Amino acid sequence: MKTIHAAIVIALSSALVMCHKNEDAKAPKPLSVETTEAGVTLRVSTANCEIRVGDPLQVVLEVDRGADTSVTMPNFSKNLGNFEVRSSAPLPKNPTFPDRVAEQLTLVTFEDGEKMEVPPFEVVVRDGAGKESSLKSPPLAISVQSRLEGQFNPTVFRDIKGPVGVPLETQWAWIIGLCVLIAVMGVGAYRWWFHRPAELVIIEAPHERALRELNELAARELPNKGLVLDFYVLLSDAVRHYVEGRFGIHAPEQTTKEFLTAARHHPQIVEDHQRLLASFLRAADMVKYAAQRPGPSECDRGLDAARGFVRESAPTIGHDEFQPPSQATQETRS
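Start counting the sequence shown at 36; every next residue gets the next number (the numbering used here).
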């Protein structure tokens, strides 16, 4: 029984000793450096001067001054020696020291070393008389410990690993599957491209096109808008294009006189149609070139005359060389 009690006491004592050792090892070690000149003290301190690589280091700058003295704190750059500045912010006023100016920095380094120095800080002090002077602090020595175990030896490294074996069966399965997919897609694309259904293309006969253009011109009601000249230009163009498509006379490129002369010698344009066409074209020329401006009713009569000429001169089924208006041809896109 005494042996058991002795073992328990020894175990508890060992545990307490180990706890104390761990607490001592983890206890922070504060560090502070300062300099004083002309009644102004610049102090740089940290709560722990022993950190590990990548751990944040909190550094506090404090300036104790007189009530009539102003202080300009340094402008912190992104890097301070081997340390990177992550943030900086002024600390709130301390009621115990109302004239103290304080600012806290958060620094980080990724290099290790027993004495990694935070560079000196320099502040500008201006006294009540306006005289300026500078005050520079001593450097702050920080111990930065590596997170790696042991000492790094660049001559000791692991050898290059050999090639990783990939099962050949798996590769062939993917290759065959990809080839089959490409073949299926190719066959599908070929069948779609070369076996498309024929597209129905309706060929509009000259008289059908002319009547459609004349109906569209009537729907625009240009004479009622004061656009008489535009109306007659479009009207004569529609008739001239019809004559070119119906009888093969290049009407748009000829003057009215040349056009009528060609119409008189055309075997398919009868005399009545020649007189109707001549009367219509001369009336259109009077509007286009003689500045005549007929009223809307006269414009309607000119439109009806153009429709009548197209209808009367249009080919009938079984005559001339024209197909019926409803006939369509089929084209297959290549």
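Even glycine gets a Cβ: it sits at the ideal position worked out from N, Cα and C.
For clarity, every value in this text was computed on a predicted model and none was experimentally measured.
Rounded to whole angstroms, the gap between the alpha carbons of S123 and S172 is 18 Å. Approximately 18 Å separates the beta-carbon atoms of L175 and E72; this is outside 8 Å, ruling out the contact. The distance from the Cβ of V160 to that of V106 is about 6 Å, consistent with a contact at the 8 Å cut-off. Excluding the 5 residues flanking it on each side, G337 has same chain C-beta neighbours closer than 8 Å at Y267, L270, F315, A318, A319 and P329, in chain order.
As for any alpha helix (DSSP H) of minimum length 4 sitting wholly inside the region 300 to 338, the runs are 306 to 324, ordered along the chain. Straight-line measurement puts the Cα of E184 at about 59 Å from the Cα of V219.
As summarised for the region 192 to 263, the continuous alpha helix (DSSP H) elements at least 4 residues long and confined to that stretch are 203 to 229 and 241 to 255, given in chain order.
Burial check for E306: the Cβ neighbour count within 10 Å stays below 16, so the residue is exposed. For L92, the uninterrupted beta strand (DSSP E) segment begins and ends at L92 to D99. Two segments are said to touch when three or more pairs of C-beta atoms, one from each, lie closer than 8 Å; by this definition the region 84 to 95 touches the region 133 to 145. Residue environment: L213 is assigned as exposed (fewer than 16 neighbouring CB atoms within 10 Å of its CB, all protein chains considered). Contact between the region 146 to 153 and the region 107 to 126 is present: three or more C-beta pairs spanning the two stretches fall below 8 Å. In the three-state DSSP reduction, G280 falls in the helix class (H, G or I). A176 sits in a strand when the DSSP states are folded into three classes. DSSP lists Q139 as the beta-bridge partner residues of A124. G148 has V179 as its beta-bridge partners, per DSSP.
Looking at the backbone, the Cα of C334 and that of G223 are separated by about 59 Å.
The shortest C-alpha to C-alpha distance from P302 to any of V322, E152 and R281 is the one to R281.
The beta-carbon separation of I86 and V179, rounded to 6 Å, stays under the 8 Å limit for a contact. With a 10 Å radius around the Cβ and a threshold of 16 neighbouring Cβ atoms, S181 comes out exposed. Following the DSSP letters along the chain, one finds T190 in no beta strand (DSSP E), marked with neither H nor E. Looking at the DSSP output, S80 sits in a beta bridge with S67 and V95. Only residues of its own chain outside the window of five on either side were considered, and among them H242 have a CB closer than 6 Å to the CB of A349, listed in chain order. When only Cα atoms are considered, I238 and A208 end up about 55 Å apart. DSSP, reduced to helix, strand and coil, places T291 within a helical segment of the structure shown.
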